[in-house]
Amino acid sequence: MKLGKKLWLVIAIKLIIMFGILKIFLFNETLNTKFETNEEKSDFVINSLTKE
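Count along the sequence shown from 1, then add 22; that gives the number in the numbering used here.
#1: Assuming K45 contacts L53 (C-beta within less than 8 Å), just tell me the rounded distance between them.
#2: Looking at the unbroken alpha helix (DSSP H) that takes in F66, where does it start and where does it end?
#3: DSSP state of M40, grouped into three classes?
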């Protein structure tokens with residue numbers, strides 16, 4: 023039973039690292055950092071969704 027608890031702890035730590043720390047440093051490009059106005063944001067989203 024102790025082995026199972028340790029394995030779940032390792033899995034939880036890995037998930038925290040993957041989704042918490044890596045997301046902050048690697049995926050920090052949000053619309054608020056790229057564009058200043060709502061019109062620029064909406065144009066970007068529309069163009070991204072309707073790419074050919």
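No residue lacks a Cβ here, since even glycine has one placed at the ideal position from N, Cα and C.
Once the coordinates are examined:
#1: Against the sequence shown, residue 45 aligns to sequence position 23. Against the sequence shown, residue 53 aligns to sequence position 31. K45 to L53, Cβ: 16 Å. No contact.
#2: Translated into positions along the sequence shown, residue 66 becomes position 44. Unbroken alpha helix (DSSP H) run through F66: 60 to 71.
#3: As a first step, residue 40 must be located in the sequence shown, where it is residue number 18. M40: helix per DSSP, three-state reduction.
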